[in-house]
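J.: Got a structure for you, written out below as structure tokens; questions coming shortly.
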Amino acid sequence: MDATAVVGCFRDRTILVTGSTGFLGKLLVEKILRVQPNVKKLYLVVRASDAASAEQRILSQVLGKDLFNTMREKHGLAGFEELIQEKIVPLAGDIGIQNFGLDRSTVDDLCEEIDVIIHGAATTSFYERYDVALASNALGAKYICEFAKKCSNMKLLLHLSTAFVAGTREGLLLEEALQMGETLRPGYCLDIKAELRLVEKIKTELRVANSGGPDQSLEKTAMKELGLKRACHFGWPNVYTFTKAMGEMLLAQERGDLPLIIMRPAMVTSTFQDPFPGWIEGARTIDALIVAYTEQAFPCFVGDRKNIMDAVPADMVVNATLVAMAVHWNEKGYVIYHVCSALQNPLSGYVLEDACWDYFSKHPRIREDGKPLKNKRPYVFKRFTLFRAYLIMVYKLPLEILHAVSLLFCGLFSQSYNKYNRRYNFLILLVKLYAPYAFFKGCFDDTNITRLLTEVKMDCNGGSIFNFDPRSMDWHSYLLNVHVPAVIKYGRKN
């Protein structure tokens, strides 16, 4: 199979996409439209109150992004708008509800039309409300599978997951399915229905405690803490990977003979080449460290610079996804792909730090008084206890002294205290959520994705259209010239 054959798979096909307002979702929509403008329809399910609101969300949060500038230049503004009008159909729906909450007539029509479903909708926050994460990441996968089984022309269902459903286990982590009830703690069994009941029980207790009137702020905090607590209880470091693992379990249980592909990318970074280098949205995983360093809120962290960070550019994830769909078109199988780089082209903490150092040496950060800030390498502690002790002695104690003095002088230094206390709390939260990955000792097996590379024959021109070979990258050059500038330009806007 070559690039032309991959593109040909999507000609005259009707594709339903969830998560099109998300980072990878936007890239998938853009890529399909750009390489195959003769796709029949792209139904984009978005959370909205009605059709008009759904259309507005797609226009502003997807098509209005500069990600689509390449297509605007290719077709011209009028041609681009005509293509969008013809191909894109926004659907107001909710993936956390059966049939997206659509009426029966609409569901019946869709089930007659749709050839492929790409399920990318998810909440990706490591510190999300448990009820929200369960509805989106777990039940959403179950409901999308039930919907796909109703579609008479269904060629395949593709589910975007994450390699970190493996948690923080050590050793070689295989491209294998998660079994229902499986946990990362020996002797524990996960009952998803029981977790849903627990959420409702806690919410009911909160309502009763507040005389029947829900305290939104209290409920939000309680649900966030519950999600993190339950994730850690079963062996996952955060609610995102925990509920994504549940989603995979439910898919495996519900799919029957439905053709199913699960893509598990490692840490996703900005685009390497396509449609242009360095497109990103928000601070993603390691990008949070770059943002914190840029904002002068990153004096120290935990980890080991020698550790390997498994990262992959977003366009490589999209390319691997589309190629996998073409290779497994209408196959009655179930295959999992780790889209990763560590075995083929490892990225160490040293390389990331050197790239950041080189970038900020050339582009110094500016202090609030307009003067350049001296470029300093952050302290990196290999032991968490030493890190906490350092923070308390160097930052927390002086902060509390400043607070006490401010109180004595009627809040004279309250503004400074609040500013630096926010930075301190930001760093603590950052460490709480990301430290497990700083000491990550696992390695993602890439047998299937490597086989996919060898099975798809690309010529010198077509190969770049669907490049997902991590060996084609120089990490230092990419980080220095593409990714760090992208994080600073785009990542801090969201």
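In this note's numbering, the protein residues as written are 652 to 1145.
No residue lacks a Cβ here, since even glycine has one placed at the ideal position from N, Cα and C.
(1) Roughly how many angstroms lie between the CA atoms of proline 926 and isoleucine 683, to the nearest whole one?
(2) When you compare only the Cα positions, how much space is there between glutamate 870 and asparagine 970?
(3) Going by the beta-carbon positions, is the gap between lysine 738 and leucine 667 smaller than 8 Å?
(4) Beta-carbon within less than 6 Å of cysteine 840's beta-carbon, same chain only, minus the 5 sequence neighbours each way: which residues are those?
(5) Output the distance between the C-alpha atoms of lysine 806 and arginine 1034, rounded to the nearest integer angstrom.
(6) Which same chain residues, not among the five before or five after proline 1087, have their C-beta less than 6 Å away from its C-beta?
(7) Tell me the start and end of each unbroken beta strand (DSSP E) in the region 873-917 that is at least 3 residues and wholly inside, in chain order.
(8) Are the CB atoms of leucine 678 and alanine 965 within a distance shorter than 8 Å?
(9) Return the CA-CA distance between arginine 814 and leucine 1042, expressed in angstroms with no decimal places.
(10) Any idea if cysteine 802 is buried or exposed, counting beta-carbon neighbours within 10 angstroms, 16 or more meaning buried?
(11) Quick check: the Cα distance between proline 1015 and threonine 669, rounded to an integer number of angstroms?
(12) Do the CB positions of phenylalanine 777 and arginine 836 come within less than 8 Å of each other?
(13) Go ahead and pull the three-state DSSP assignment for phenylalanine 1091.
(14) Pick helix, strand or coil for methionine 1124, following the three-state DSSP scheme.
(15) Where does threonine 672 land, buried or exposed, given buried means 16+ other C-beta within 10 angstroms?
(16) Under a CB-based cut-off of 8 Å, is leucine 857 close to chain C?
(17) With a 10 Å radius around its C-beta and 16 neighbouring C-beta atoms as the bar for buried, classify glycine 715 as buried or exposed.
(18) Helix, strand or coil for leucine 1042, going by three-state DSSP, please let me know.
(19) Which of the three DSSP states is assigned to threonine 665 in this structure?
(20) Is the beta carbon of valine 990 closer than 8 Å to that of valine 968?
(21) With DSSP as the reference, label glycine 715 as helix, strand or coil.
(22) To which residues of the same chain is glycine 1113 closer than 8 Å at the C-beta, ignoring the five residues directly before and after it?
(23) Could you please give the first and the last residue of the uninterrupted alpha helix (DSSP H) stretch that includes proline 1023?
(24) Measure from the alpha carbon of methionine 1044 to the alpha carbon of each residue in Gly878, Glu982, Cys951 and Asp1009, then state which is nearest.
(25) Cα-Cα, which of Arg664, Thr721 and Phe751 is closest to valine 697?
(26) If you follow the alpha helix (DSSP H) that valine 859 is part of, which residue opens it and which one closes it?
(27) Once the 5 residues before and after phenylalanine 661 are set aside, which same chain residues still bring their CB inside 7 Å of it?
(28) Within 10 angstroms of the Cβ of arginine 881, are there 16 or more other Cβ atoms? Answer buried if so, exposed if not.
(29) Determine the burial state of serine 1128: buried for a count of at least 16 other Cβ atoms within 10 Å of its Cβ, exposed for fewer.
(30) Rank Gly747, Glu846 and Arg956 by C-alpha distance to the C-alpha of valine 1031 and give the top, closest one.
(31) Roughly how many whole angstroms lie between the Cα atoms of phenylalanine 1090 and tyrosine 1075?
(32) Using the C-alpha atoms, what's the distance from leucine 809 back to asparagine 1072?
T.: The structure says:
(1) 11 Å
(2) When rounded, the distance between both Cα atoms is 40 Å.
(3) no
(4) Gly832
(5) 50 Å
(6) Thr819 and Pro888
(7) For the region 873-917, whole beta strand (DSSP E) runs of length 3 or above, ordered along the chain, are 911-916.
(8) yes
(9) A small fix is needed here, since residue 814 is alanine in this sequence, not arginine. If you take the alpha carbons of alanine 814 and leucine 1042, they lie about 32 Å apart.
(10) By the Cβ-count criterion, cysteine 802 is buried, with 16 or more other Cβ atoms from all chains shown falling within 10 Å of its own Cβ.
(11) Roughly 40 Å between the two C-alpha positions.
(12) No, Cβ-Cβ distance for phenylalanine 777 and arginine 836 is not below 8 Å.
(13) coil
(14) Note: methionine 1124 maps to coil in three-state DSSP.
(15) By the C-beta density criterion, threonine 672 is buried, having at least 16 other C-beta atoms within 10 angstroms.
(16) In the displayed structure, chain C is absent; only one protein chain is listed.
(17) Exposed, since its Cβ has fewer than 16 Cβ neighbours within 10 Å.
(18) helix
(19) strand
(20) yes
(21) coil
(22) Low per-residue confidence applies at glycine 1113: pLDDT is 44, beneath 50, and the placement is therefore not dependable enough to give any value.
(23) Neither: proline 1023 is in no alpha helix (DSSP H) and is coded neither H nor E.
(24) Cys951
(25) Phe751
(26) From DSSP, the alpha helix (DSSP H) with valine 859 extends over 843-860.
(27) Ile683, Gln687 and Val690
(28) buried
(29) By the neighbour-count definition (other C-beta atoms within 10 Å, threshold 16), serine 1128 is an exposed residue.
(30) Here the closest residue by C-alpha is Arg956.
(31) Straight-line Cα distance between these residues: approximately 22 Å.
(32) 44 Å
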